[in-house]
Amino acid sequence: MNTSQITKKALIQSGVWSLLLMLGLFACEFEPPANINVSDDMNITDYIRSKPEQFSSLERILEVSNTASYLNAYGTYTFFAPTNEAVDSYLAGKNINLNTLSQAEAADIVRFHLLSDTLSTASFTDGKLKVPTQFGKYLVTGTEFIDGRAVYRVNRQATITQTNVPVGNGVLHVIDNVLSPPIRTAAQELDANPDYSIFTEALKETGWFETLNTEEENVWYTVLAESNAVLADAGFNSYAELKNRFSHLNDPTDLKDSLNLYVAYHVLTDIKFVADLLTSTAHATKAPDEVITIRLKGEQVLVNEDMFFGVLEEGSPIIRSRSDISVTNGVVHSVDIHFNLKLRAPTPVYWDVAEQPELRQMTSIFRVPGASEYYFRLGELSGMTWAGGAVNGLVSYVPPGLNELWRNHGDFMKLQILGNRLEWVQMQTPLLVRGRYKLWVTYRRLDLRNNCILRVSLNGQEIPGARLLNTAENSPNVPEDELEARGWKEYLVGGTDGNRYMCRLVGIIDVTTTGEQVLRFDRVFGNARGGGGFHVDMIHFIPEDMNQIWPKFGRDGQAVFPD
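Just so we're aligned, residue 1 is where the sequence shown starts under UniProt numbering, counting upward by one.
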């Protein structure tokens, strides 16, 4: 977050006033930095100290953990503060007390309740928060109805009893239970729940239980588990019946055995909460070259709801109330309908280029109307790289404006691929299923003083028959079907603000291997004018035999299909 808040008292405690006095020797006046906001609000520690009837036990934890001073300095934090009753109950359950609590134990409690960003409940979703705790794990929030009123729950462990308490260095939420980090692996979590006994036995028999029971640094798993009830609905009332149906080699440990592949197909690479699943239409599984697709239909998140030879195949809903279960090596979800590997046709991907993981964590600017443009240094984005005569500050993110929301979600990426600036930019795409796609690029049309002409390539190879992308080109004023025939389409619902936002067909790409691809834009020509270049919004990868016009997109980011 770009804005930090500090209290006057914290300034004194941190010695900043002394620094200001020294600066006074060289200047008559002192102007605080623009990114510092001096506030009279108490910081986290002082606020907790001011309410001993509510937080005396928590204050003691801060002292034991040696974090009291840290949380009384300037910064931008979110702190979930458990009450005295919550702390006392938690410690009693562990047969310890405030006098026997070790420094390491106290520090872990603080770290798991603290986030290095300011998040009010307005930014809470039915799923994980946007930034991890200082413990390195994500918290999950959701709304539940208790005694006829809606309340916020955190990690399904605590209820927020007081929200959005402003403090000088962030925001504080009061909770009625101490939050505990996960202590089980994915395998142990499922093994501990008898509702998943058949699925767990399949994990054990195939060897996947051992894999999902390991913990390695930066190795994560996402499991889409099927309960006994879901398997029974599909005709499998025991593990034996499941094995008889799937184990065609009669050796579940063989990676080519259908039962092994069935289990592997329910394990995704990386840690993906429901919110993460929704960022892409397809996700790689541990079954070789096999993916699941994700579709949001109303409030339902559906696995593998696809059109197959013109017939809609019903998807398997993710059960929200039994999903987003954090484990030590990933996350566990539960699905409501049995699914297995299926013949996978190419799947359309409508990619908003601003969906960069580092950007999504910048909650102070990401899709915040009126927020400031953010300029990247080379290396800040894991999924994008670039080169040129200069590299820093020439790739930027432009949030939505206050008064207009042209473009999908209203935001876009600005790539200054201009003379004496960037020569090329390449980016890692979302996962694409093997197949042939029409490649559409959506961008803002610029005038001849600011435009660039780009050559587009895929995975280091030229795209046969591809056209150059000229950001000064304007689409012809013709009916929509003729527009597509000429290599153009409208992609926003309700017009494009004077025809300034274009969607241009670049060519047909051949994706030979399922997975993430590398898309590159090389400068052929570019006027060296400030603010120009390539203002890219979305990139569409649509199988060549599918409808290229629909869906279109609302400025709220929702896909809109014809009636």
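No residue lacks a Cβ here, since even glycine has one placed at the ideal position from N, Cα and C.
Note that the coordinates shown come from a computational prediction; the quantities given were computed from them, not determined experimentally.
- Residue 518 and residue 552 have their C-alpha atoms roughly 25 Å apart.
- Note: residue 144 is bridge-paired with 151 in the DSSP secondary-structure output.
- Annotation for residue 396: 373, 374, 375, 376 and 414 place their beta carbon closer than 7 Å to its own, counting only its chain and skipping 5 residues before and after.
- Under the three-state reduction of DSSP output, residue 75 falls in the strand class.
- In this chain, residue 192 is not harboured by any alpha helix (DSSP H), its DSSP state being neither H nor E.
- Excluding the 5 residues flanking it on each side, residue 248 has same chain C-beta neighbours closer than 6 Å at 258, in chain order.
- DSSP places residue 539 in the strand class (E or B) of the three-state scheme.
- In this structure, the beta-carbon distance from residue 186 to residue 327 falls below 7 Å.
- In the same chain as residue 440, and ignoring 5 residues on each side of it, the C-beta atoms closer than 6 Å to its own belong to 503, 505 and 540, in chain order.
- Within the DSSP secondary-structure output, residue 316 pairs in a beta bridge with 303.
- Every alpha helix (DSSP H) of 4 residues or more that sits fully in the region 182–235 is shown, in chain order, as 186–191, 197–206, 208–212 and 228–233.
- Within its own chain, the residues whose Cβ lies closer than 7 Å to the Cβ of residue 468, once the five positions on either side in sequence are excluded, are 453, 454, 455 and 524, listed in chain order.
- Taking the Cα positions, residue 136 is about 35 Å away from residue 422.
- For residue 351, the closest of 206, 345, 400 and 407 by C-alpha to C-alpha distance is 407.
- For the pair residue 365 and residue 356, the Cα-to-Cα distance works out to about 13 Å.
- Around the beta carbon of residue 558, fewer than 16 other beta carbons sit within 10 angstroms, so the residue counts as exposed.
- 7 Å or more divides the Cβ of residue 520 from the Cβ of residue 475.
- Taking a C-beta distance under 7 Å as the contact criterion, residue 433 and residue 513 do not qualify as a contact pair.
- Using a Cβ distance threshold of 7 Å, residue 171 and residue 177 do not count as a contacting pair.
- Looking at the DSSP output, residue 502 sits in a beta bridge with 443.
- Close CB contacts of residue 261 within its chain, under the 7 Å cut and outside five residues either way in sequence, are with 287 and 341 (chain order).
- By the neighbour-count criterion, in which 16 or more other beta carbons inside 10 Å mark a residue as buried, residue 313 falls on the exposed side.
- Take the alpha-carbon of residue 102 and the one of residue 95: they are about 13 Å apart.
- Approximately 4 Å separates the beta-carbon atoms of residue 152 and residue 160; this is inside 8 Å, confirming the contact.
- When the alpha-carbon of residue 332 is set against those of 437, 221 and 97, the nearest one is in 221.
- Distances from the alpha-carbon of residue 202 to those of 560, 370 and 227 put 227 closest.
- Residue 274 sits close to residue 301, with the two beta carbons spaced by under 7 Å.
- If you look at residue 373, you'll find it isn't in any beta strand (DSSP E); DSSP assigns it neither H nor E.
- Counting the other CB atoms within 10 Å of its CB gives residue 50 a total below 16, which places it among the exposed residues.
- Bounds of any beta strand (DSSP E) do not take in residue 561, whose DSSP letter is neither H nor E.
- Nearest Cα to residue 385 within the set 424, 403, 361 and 368: 424.
- In the DSSP assignment, residue 426 is bridged to 385 and 520.
- Between the region 73–84 and the region 197–211, the count of C-beta pairs closer than 8 Å stays below three; the two stretches do not touch.
- Closest in C-alpha terms to residue 252, from the list 538, 232, 208 and 216, comes 208.
- If the five residues before and after residue 243 are omitted, its C-beta is found closer than 8 Å to the C-beta atoms of 202, 205, 252 and 259, all from its own chain and listed in chain order.
- The DSSP assignment places complete alpha helix (DSSP H) segments of no fewer than 4 residues inside the UniProt domain "FAS1" (42–179) at 44–49, 52–64, 84–93 and 103–112, in order along the chain.
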